[in-house]
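Reviewing the structure listed below.
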Amino acid sequence: MKTTTAASLADIELDLPIRAVVDDLAGFADRLSLFAGPEQGYAAFAAETFQVDDIADRAAGHAGEVMRFLALAGTSGPMQVAFFFDMLIGLSFLNAASTIAVALVPPRPPRDFAARRRVLGDVIAAVGGDADFVEAARKAFAHGDLSGPAEVETVFHATTAFSIDDMRDDQPTVLGLEQGLSLMAFVRELASPAVLVERAALQLDDTARFARTIEEQADLDRERLDRLQRAAHGANLLAAADLARACLIDAVADDDNSVKGRVEDQAARLIDQRLRDIVMFAGTMAERLRELRRMQRQVGDRYESL
Numbered sequence: 650m651k652t653t654t655a656a657s658l659a660d661i662e663l664d665l666p667i668r669a670v671v672d673d674l675a676g677f678a679d680r681l682s683l684f685a686g687p688e689q690g691y692a693a694f695a696a697e698t699f700q701v702d703d704i705a706d707r708a709a710g711h712a713g714e715v716m717r718f719l720a721l722a723g724t725s726g727p728m729q730v731a732f733f734f735d736m737l738i739g740l741s742f743l744n745a746a747s748t749i750a751v752a753l754v755p756p757r758p759p760r761d762f763a764a765r766r767r768v769l770g771d772v773i774a775a776v777g778g779d780a781d782f783v784e785a786a787r788k789a790f791a792h793g794d795l796s797g798p799a800e801v802e803t804v805f806h807a808t809t810a811f812s813i814d815d816m817r818d819d820q821p822t823v824l825g826l827e828q829g830l831s832l833m834a835f836v837r838e839l840a841s842p843a844v845l846v847e848r849a850a851l852q853l854d855d856t857a858r859f860a861r862t863i864e865e866q867a868d869l870d871r872e873r874l875d876r877l878q879r880a881a882h883g884a885n886l887l888a889a890a891d892l893a894r895a896c897l898i899d900a901v902a903d904d905d906n907s908v909k910g911r912v913e914d915q916a917a918r919l920i921d922q923r924l925r926d927i928v929m930f931a932g933t934m935a936e937r938l939r940e941l942r943r944m945q946r947q948v949g950d951r952y953e954s955l
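The structure is reproduced here in structure tokens:
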């Protein structure tokens with residue numbers, strides 16, 4: 650890892666070249682392949698395994714870099730803070746996406762459950778006394794493994810950021826302030842939230858179609874029935890991921906045409922309450938990103954008045 654002893658944001662040694670950044674919700678959705686057709690593709694996706702502890706490490710890594718930015722911002726001039734503010738937004742977005750992805754991925758081995766507890770504990774420790782946020786987080790992470798407050802360790806876990814040489818254009822990874830130029834480009838080139846909502850709607854249409862096939866064809870063999878059930882589950886997972894990501898992008902987009910209402914409409918179609926709770930939690934996290942955008946405008950206005 651490349652490290653610098655920086656006294657302010659101006660001392661950060663920014664890495665080049667600018668590289669593509671992939672957040673964990675995008676990385677989750679990218680695992681889908683429809684080459685063999687929707688039914689087979691969604692079913693295969695539902696059987697995918699994800700390294701939940703690695704996603705949890707990325708959530709902690711980005712949270713640590715957010716804290717590092719805030720510490721350096723305290724010793725930096727308003728011009729420096731205004732110039733680098735998209736780095737803070739990018740890191741906060743990546744942290745939110747990783748956190749939501751940990752909640753979204755169905756846990757399998759015991760280490761997955763441990764990672765979920767760790768991330769939920771980090772969320773609770775970070776938000777302090779915000780009871781509504783904590784409640785939304787607990788609902789999103791509920792999966793039969795987190796039944797009470799005593800089971801969650803509310804101590805923040807830090808990890809390290811990688812250098813630009815560790816980045817892969819098609820994979821999520823931890824970024825630090827040194828990758829600030831890539832972070833700023835990432836924030837400015839995010840996908841359209843409206844497109845993500847439309848894609849989620851199509852995935853939910855596929856879910857409904859799979860459910861109708863199961864209901865209407867009583868003579869399905871066991872193999873086909875299992876595939877259709879897994880396909881419906883996979884399509885629902887992907888729809889939830891797209892809706893959650895749309896919430897986050899909507900919060901930082903410059904477009905005034907919010908997709909919040911459309912997200913809520915599509916989220917109501919999700920089969921599992923767990924997935925609906927995750928999208929609601931994404932909306933709660935999005936409000937914090939939206940507040941960062943407001944702060945950025947205020948910092949910019951103060952700089953322009955100097």
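Numbering (this note's numbering), first residue to last: 650 to 955. Every residue, glycine too, gets a C-beta built ideally from N, C-alpha and C.
Residue i to residue j span [Cα, whole Å]
i, j, result
"ARG879", "PRO758", "19 Å"
"ALA678", "LEU887", "6 Å"
"PHE732", "ALA857", "47 Å"
"ASP875", "ALA860", "12 Å"
"ASP914", "ILE863", "25 Å"
"ASP779", "GLN922", "23 Å"
"VAL836", "GLY739", "6 Å"
"GLU838", "ALA774", "31 Å"
"THR803", "ARG787", "Per-residue confidence for THR803 stands at a pLDDT of 44, beneath the threshold of 50, marking its modelled position as unreliable; no derived number is given."
"THR698", "ASP899", "29 Å"
"GLN689", "LEU719", "46 Å"
"ALA763", "LEU826", "28 Å"
"VAL703", "ASP868", "The question names Val, yet the displayed sequence has Asp at residue 703. Straight-line Cα distance between these residues: approximately 42 Å."
"PRO755", "PRO727", "43 Å"
"GLN947", "ASP664", "28 Å"
"GLY1007", "GLN866", "In this structure the chain extends from 650 to 955, so residue 1007 is not present and cannot be described."
"ASN906", "LEU877", "36 Å"
Under 8 Å between C-beta atoms of residue i and residue j
i, j, result
"ARG707", "VAL823", "yes"
"VAL912", "LEU892", "yes"
"LEU853", "ARG925", "no"
"VAL928", "PHE742", "no"
"MET944", "LEU897", "no"
"LEU845", "ARG894", "yes"
"ALA850", "TYR691", "no"
"ASP819", "ALA746", "no"
"LEU753", "ALA889", "yes"
"ASP771", "VAL701", "no"
Sequence-distant residues of its chain with Cβ nearer than 7 Å to residue i (five each side left out)
i, result
"ALA656", "THR724"
"ASN744", "ALA708, HIS711, ALA712 and VAL715"
"MET833", "ASP735, MET736 and GLY739"
"VAL783", "ILE773 and VAL776"
"ILE661", "THR653, ALA655, LEU826, GLU827 and GLY829"
"ALA789", "ALA752, ASP926, ILE927 and PHE930"
Helix, strand or coil at residue i [DSSP, three-state]
i, result
"VAL928", "helix"
"ILE898", "helix"
"GLN922", "helix"
"ASP855", "helix"
"ASP771", "helix"
"SER747", "helix"
"ILE667", "coil"
"THR862", "helix"
"GLU662", "coil"
"SER831", "helix"
"GLU838", "coil"
"LEU869", "coil"
"ASN906", "coil"
"GLN820", "coil"
"PHE734", "helix"
"SER741", "helix"
"PHE718", "helix"
"ASP679", "coil"
"HIS998", "Given a span of 650 to 955 for the chain in the structure shown, any question on residue 998 remains unanswerable."
"ASP672", "coil"
"GLU697", "coil"
Other residues of its chain near residue i: CB distance less than 6 Å, five sequence neighbours each side excluded
i, result
"GLY676", "PRO821"
"GLN729", "LEU658 and ALA659"
"LYS855", "In the sequence on display, residue 855 carries Asp and not Lys. Excluding residues within five positions, the ones whose Cβ falls inside 6 Å are PRO687 and ALA884."
Cβ shell of residue i (< 8 Å), same chain only, five flanking positions each side left out
i, result
"ILE667", "LEU830, SER831 and ALA834"
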